[in-house]
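**Q** Protein chains in written order, with our numbering: chain A, 148 to 476; chain B, 548 to 1398.
#1: Measure how close the beta-carbons of residue 931 (chain B) and residue 1006 (chain B) come, nearest whole angstrom, since I'm counting them as under 8 Å.
#2: Report the option in B:995, B:883, B:964, B:694 whose CA atom is closest to the CA atom of residue 941 (chain B).
#3: What residues from chain A crowd round residue 720 (chain B), counting only those whose CB sits closer than 8 Å?
#4: Thinking C-beta only, is residue 1143 (chain B) closer than 8 Å to residue 1176 (chain B)?
#5: Would you tell me roughly how many angstroms separate the C-alpha atoms of residue 353 (chain A) and residue 346 (chain A), rounded to the nearest one?
#6: Evaluate residue 1227 (chain B) with the Cβ neighbour count: other Cβ atoms within 10 Å of its Cβ, from every protein chain shown; 16 or more gives buried, anything less gives exposed.
#7: Using a Cβ cut-off of 7 Å, pull out every chain B residue sitting near residue 246 (chain A), in sequence order please.
#8: Leaving out five residues on either side along the sequence, give the residues of the same chain with a beta carbon under 7 Å from the beta carbon of residue 675 (chain B).
#9: Using 8 Å as the limit for Cβ to Cβ distance, is residue 946 (chain B) near chain A?
#10: Going by CA-CA distance only, name the one from B:1308, B:1215, B:1350, B:1236 that's closest to residue 1261 (chain B).
#11: According to DSSP, is residue 1055 (chain B) helix, strand or coil?
#12: Compute the Euclidean distance between the alpha carbons of residue 990 (chain B) and residue 1042 (chain B), then round it to the nearest angstrom.
#13: Name the residues in the segment 860-881 of chain B whose C-beta lies less than 7 Å from a C-beta of chain A; which are they?
#14: Quick check: the segment 1009-1020 of chain B against the segment 1106-1118 of chain B, are there 3 or more CB pairs under 8 Å?
#15: Does the beta carbon of residue 805 (chain B) sit closer than 8 Å to a beta carbon anywhere in chain A?
#16: Please give the ranges of any alpha helix (DSSP H) in the segment 976-1018 of chain B, keeping only runs that are unbroken, at least 4 residues long and fully inside the region.
#17: Can you give me the start and stop residues for the beta strand (DSSP E) that residue 287 (chain A) sits inside?
#18: Apart from the five residues just before and just after residue 271 (chain A), which ones in its own chain have a Cβ nearer than 7 Å to its Cβ?
#19: If we cut at 8 Å on Cβ distances, does residue 315 (chain A) have a partner in chain B?
#20: Which residues bound the alpha helix (DSSP H) around residue 823 (chain B)?
#21: So if I threshold CB-CB distances at 7 Å, which residues from the segment 625-645 of chain B count as touching chain A?
#22: Beta-carbon within less than 8 Å of residue 614 (chain B)'s beta-carbon, same chain only, minus the 5 sequence neighbours each way: which residues are those?
#23: Could you tell me which chain A residues have their CB closer than 7 Å to the CB of residue 1017 (chain B), listed as they occur along the chain?
#24: Ignore the nearest five residues each way along the sequence and tell me which others in residue 754 (chain B)'s own chain have a CB closer than 6 Å to its CB.
#25: Any C-beta of chain B sitting closer than 8 Å to the C-beta of residue 304 (chain A)?
#26: In chain order, what residues of the same chain have a beta carbon less than 7 Å from the beta carbon of residue 1126 (chain B), not counting five sequence neighbours either side?
#27: Does the Cβ-Cβ distance between residue 653 (chain B) and residue 837 (chain B) come in under 8 Å?
#28: Pick helix, strand or coil for residue 1082 (chain B), following the three-state DSSP scheme.
#29: DSSP on residue 1382 (chain B), reduced to helix/strand/coil?
#30: Taking residue 1330 (chain B) as the reference, which of B:1279, B:1086, B:1386 has the closest Cα?
#31: Does DSSP classify residue 549 (chain B) as helix, strand or coil?
#32: Taking CB distances under 8 Å as the criterion, tell me whether residue 837 (chain B) reaches chain A.
#33: Counting Cβ pairs, one atom from each stretch, are 3 or more of them under 8 Å apart for the segment 1015-1027 of chain B and the segment 1060-1072 of chain B?
#34: Flag this pair as yes or no: are the beta carbons of residue 895 (chain B) and residue 228 (chain A) separated by less than 8 Å?
#35: Can you tell me which of the three DSSP states residue 275 (chain A) falls into?
#36: Can the beta-carbon of residue 335 (chain A) be found less than 8 Å from the beta-carbon of residue 317 (chain A)?
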């Protein structure tokens, strides 16, 4: 009865995995880094499973097999063979294999990658596109658009505490450390929207510090970049116009919308916020309703975040603000 | 002093019949305190039981925190716990489990079992154990209480700055961790000193090192690992607290500090810490498996090598916690290789256990079930450990639930399963009754299944993109059902633990003197008939499993036919033996119950905990109470040769007092110096590391450094101070009894050495201040003043010890024969002088050479 219990306890969770239809992100790569890592992962899982089954069988054999049949297990020679020789051989092979892959990953350097700087802030991502000289040509937030198939060089740093940039579908993670710039090189293989999340505990709202990497075909990316570099279009109807006026009066201290007098840098750049997938670093879907809710009650949605709740606006004012912000595509 | 001739195997050391009152006198010396006077107990059996029980309560408390966290994570966007509460809970779960449960419980089992297992009557420093326990209890309870005031640390158990520094954690939360846990680490180090000296010097005669029970080998390695690993985190704690309280910028990048300095110091401790937790458990398994299989352990020598190898190798792995920080790939490869290599010694033990089981016939009683569970779970944890040793894979898995799965498989699998096996196995040693087989099977089944249901899915959850330390998550990311399943598993574990508690409540009846006996038919000495005095007589050992190989041993020991069958001086005693061959060397007189350890611990706790809430004057009062209590307790030690050499049986006569390098207090002091050396070494590392990171804040080629006259003067003062102590030592040798001129020279030398030591420090501080350096200006300033601050701590301790030694001398309690007090002071003095000289060389020589 006991061996069955042991086996059940270990196999039951395995069956659970079988029940899951989608592969987890790390095993479903869409970028070259993640691709190589996924291959290693399968080797590791396969090897690990085989070793586990073998050792478990040995242990079961040692306990349950008839005494005569176990003689070969009793020698120190068995301990040396299984405990020293086998691990040395297996681990050396593994080490050589993985060092080769690590070497490949480290060597992937391209002459003219797309340069993007990402700065971790509590609890959002400041994204700046750089030219060849390292000057900022575009600032946005919480979303990184990249062209498919082109090497991207992400310069990672932080404005405050430790953060970590992790988009599992494309690459392993790299920490953002005060006083340092860590460079992450990656390439997306297929078009798509890939979710990332901060992976180094950074305080109260670490859990709600997500971002998206949107990989699109070259021409689509160029179109996006060109559109993002334009300043905000002037509002053409009274509602958004009122929204813009309110924004400049109440929000300009912290936010920038190019093409208006708002040049605040404490919070995310909102010049094209209407075009983004989410609000508040992946916390909310992006539409007028959620935007209004965020402005009025951000402290309820993401408590302790650096933006106060603006609960003194009337419903009408909130609609105006949200309409204008949504129009900034 | 040594044996005249080895006793022949046919004649036992002490002939029958034993004197009528011998046993009664022995029992009288070992009478335990009762009622509220239990607070004064110092006997390792009592302290061990208190310690284990307290640690288990912390396990349950931290486990409840985990259940609350799992409720919050059971469904996405849950509102059961808000972010502030959750962040405090996960921080406390980790901190309490690691510092208040895991290390204390394995240390406590050692405190409880080792003396009996070694044939000793107690540990060599009973009041130190008592002090360590009370400090841990008071500190731990107050620390845990911070949760109820909403003030618990919330920066993770690893407390990374800058999040935990003054700018981003302005409240007292982080200070509770730094000051609360910091002083609890003192308990661990005190325990380690006891265990090292106990295992090396208080074994039964004949128990040479190759007959040492394998568990004792594991505990020896464990204790040395604590000595070498804990100082790094103690230093890191000091640095962060100084940064928080006084803004000394060790970790602030703008001023030349580096967040990674913390990570290096913390993980240099943190990685060995997990092996510190695992090795004692492996040691316990190495005793339980042979007993359950009724056959000796296979490959004993290989296992000893494996234990030592694990201990050593584990110090070379720490950077694998930092693979994602941007450290150059070449360095990472070294640590990846080392991390893989460390599995080999663990593998050796694994297969030795399998071979042992194959050699015998395993009775599948509850201890064996938990051992089998341990094998399965720890194996999986080890395999995922190899996976995350592969750098590119770790770049995906690091800081995700994959790691949460891995760490619980190795820690829960590697320590908690053996712990439950140990509870079921050693209950007959502590209790009149065994625990129930039926309830034990239920507990095992629920815990084993619950554990895998809770933690196996987390491997997938992590690979699916869920990071660690998140108080909630969005719906629709594929994490929902995985989290729900994990929560169900957590409650299954809780059910299993509850069954265990029911079993304990129904069946455990604490009674060491009338215990259930050797129900498992084990071979090691803790299963001998036991009283409060441990064994009636100390046996002569000729085998690794004495109870299997020495027929009639139990009866003969109980009849008093071996060494020291009573009390030679009327007090509590144990036998001090040589480190390699366990030949009797002298009799160690042990203290009985007393109040001083309890009040010293209370004073120490008050000092650290009141400082946390910035009540400085009450804290200082607490500190003074602690010091006064410690001096009072020390005053009763160092009795000198107050008794003629005693006959312990078998024709062997040993002295009752020994000083110099052979004495147990010298060994304890040397161990303490190793701790101090590691503490200083960590600071030297910090200095050099900060220089590599921020050379811009270092003085360029000698500018801004004090003129050479300052370090030269300080060095001269230090050297003179040492010389004065050396002179005092020589003068002491010439004195016997009071009234001799030598005493005056001793006192003058001590009185001279003290101000020399203080002046050396003063000169260095003055020189730096004059040169314009300030500790808040840059990381360079901070680390230079930190070297003086550390030196200052030693100077303060030596002021107290020097003053105390003087007092002993004035009271006629110090002379050429009775000099243990002086020797301890002298050892620390020379160390402090050496430390001071090296610090001067570093601070004044390095920038001039490399700046």
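Glycine included, every Cβ here is placed at the ideal spot set by N, Cα and C.
**A** Judging by the given coordinates:
#1: Mapped onto the second chain, residue 931 (chain B) falls at position 384. Mapped onto the second chain, residue 1006 (chain B) falls at position 459. That belief holds up - the Cβ atoms of residue 931 (chain B) and residue 1006 (chain B) are roughly 7 Å apart, short of 8 Å.
#2: Counted from its first residue, the second chain places residue 941 (chain B) at position 394. Residue B:883 is the option with its Cα nearest to residue 941 (chain B).
#3: Counted from its first residue, the second chain places residue 720 (chain B) at position 173. Neighbours of residue 720 (chain B) on chain A: none; closest Cβ ~12 Å, over 8 Å.
#4: As a first step, residue 1176 (chain B) is located in the second chain; it is residue number 629 there, counting from the start. As a first step, residue 1143 (chain B) is located in the second chain; it is residue number 596 there, counting from the start. In contact: residue 1176 (chain B) and residue 1143 (chain B) (Cβ atoms closer than 8 Å).
#5: On the first chain, position 206 is the one that residue 353 (chain A) refers to. On the first chain, position 199 is the one that residue 346 (chain A) refers to. Cα to Cα, the separation comes out at about 8 Å.
#6: What you label residue 1227 (chain B) is simply residue 680 of the second chain in a count that begins at 1. With 16 or more other Cβ atoms within 10 Å, it is buried.
#7: Within the first chain, the letter at position 99 stands for residue 246 (chain A). Those are 880, listed as they occur along chain B.
#8: As a first step, residue 675 (chain B) must be located in the second chain, where it is residue number 128. For residue 675 (chain B), where only same-chain residues beyond five positions count, the Cβ hits under 7 Å are 737, 741.
#9: Here residue 946 (chain B) corresponds to residue number 399 of the second chain, with the count starting at 1. At least one chain A Cβ lies under 8 Å of residue 946 (chain B).
#10: Within the second chain, residue 1261 (chain B) is the residue found at index 714, counting from 1. Ranking B:1308, B:1215, B:1350, B:1236 by Cα distance to residue 1261 (chain B) puts B:1308 first.
#11: Within the second chain, residue 1055 (chain B) is the residue found at index 508, counting from 1. Reduced to three states, the DSSP call for residue 1055 (chain B) is coil.
#12: Here residue 990 (chain B) refers to the residue found at position 443 when the second chain is read from its first residue. Here residue 1042 (chain B) refers to the residue found at position 495 when the second chain is read from its first residue. So the alpha carbons of these two residues sit roughly 8 Å apart.
#13: 871, 872, 873, 876, 880
#14: no
#15: Counting from one through the second chain, the residue named residue 805 (chain B) turns up at place 258. Yes, because at least one Cβ of chain A sits closer than 8 Å to the Cβ of residue 805 (chain B).
#16: 984-1010
#17: Counting from 1 along the first chain, the entry for residue 287 (chain A) is found at position 140. First-last of the beta strand (DSSP E) with residue 287 (chain A): 283-288.
#18: As a position in the first chain, residue 271 (chain A) is number 124, starting the count at 1. Closer than 7 Å at Cβ, skipping near neighbours: 288, 289, 356, 415, 428.
#19: On the first chain, residue 315 (chain A) is found 168 positions in, with the first residue counted as 1. Yes, residue 315 (chain A) counts as interfacial toward chain B.
#20: As a working note, residue 823 (chain B) is residue 276 in the second chain. From DSSP, the alpha helix (DSSP H) with residue 823 (chain B) extends over 806-840.
#21: 629, 630, 631, 634
#22: As a working mapping, residue 614 (chain B) is identified with position 67 in the second chain. Contacts found: 1037, 1038, 1041.
#23: Against the second chain, residue 1017 (chain B) aligns to sequence position 470. Ordered by position in chain A, the residues that pass the 7 Å Cβ test against residue 1017 (chain B) are 353, 354.
#24: Counting from one through the second chain, the residue named residue 754 (chain B) turns up at place 207. Closer than 6 Å at the Cβ level, and outside the excluded window around residue 754 (chain B), lie 1088, 1129.
#25: The residue labelled residue 304 (chain A) in the question sits at position 157 within the first chain. Judged by the 8 Å Cβ criterion, residue 304 (chain A) is not in contact with chain B.
#26: In the second chain, counting from the first residue as 1, residue 1126 (chain B) sits at position 579. These residues qualify, in order along the chain: 747, 748.
#27: Mapped onto the second chain, residue 653 (chain B) falls at position 106. Mapped onto the second chain, residue 837 (chain B) falls at position 290. No, Cβ-Cβ distance for residue 653 (chain B) and residue 837 (chain B) is not below 8 Å.
#28: Here residue 1082 (chain B) refers to the residue found at position 535 of the second chain. Reduced to three states, the DSSP call for residue 1082 (chain B) is coil.
#29: Here residue 1382 (chain B) refers to the residue found at position 835 when the second chain is read from its first residue. Looking at residue 1382 (chain B) - three-state DSSP - the assignment turns out to be helix.
#30: The residue labelled residue 1330 (chain B) in the question sits at position 783 within the second chain. When each option's Cα is compared against that of residue 1330 (chain B), the closest is B:1386.
#31: To locate residue 549 (chain B), count along the second chain from 1; it is residue 2. Low per-residue confidence applies at residue 549 (chain B): pLDDT is 45, beneath 50, and the placement is therefore not dependable, though the value from the model is reported in the following sentence. Residue state, collapsed to three classes: coil.
#32: Position 290 of the second chain, counting from 1, holds the residue named residue 837 (chain B). No, its Cβ sits nowhere closer than 8 Å to a Cβ of chain A.
#33: no
#34: Residue 895 (chain B) sits at position 348 when you count from the first residue of the second chain. Residue 228 (chain A) sits at position 81 when you count from the first residue of the first chain. Not in contact: residue 895 (chain B) and residue 228 (chain A) (Cβ atoms no closer than 8 Å).
#35: Residue mapping note: residue 275 (chain A) aligns to position 128 of the first chain, counting from 1. If DSSP states are grouped into helix, strand and coil, residue 275 (chain A) belongs with the strands.
#36: If you number the first chain from 1, residue 335 (chain A) lands on position 188. If you number the first chain from 1, residue 317 (chain A) lands on position 170. Contact: yes.
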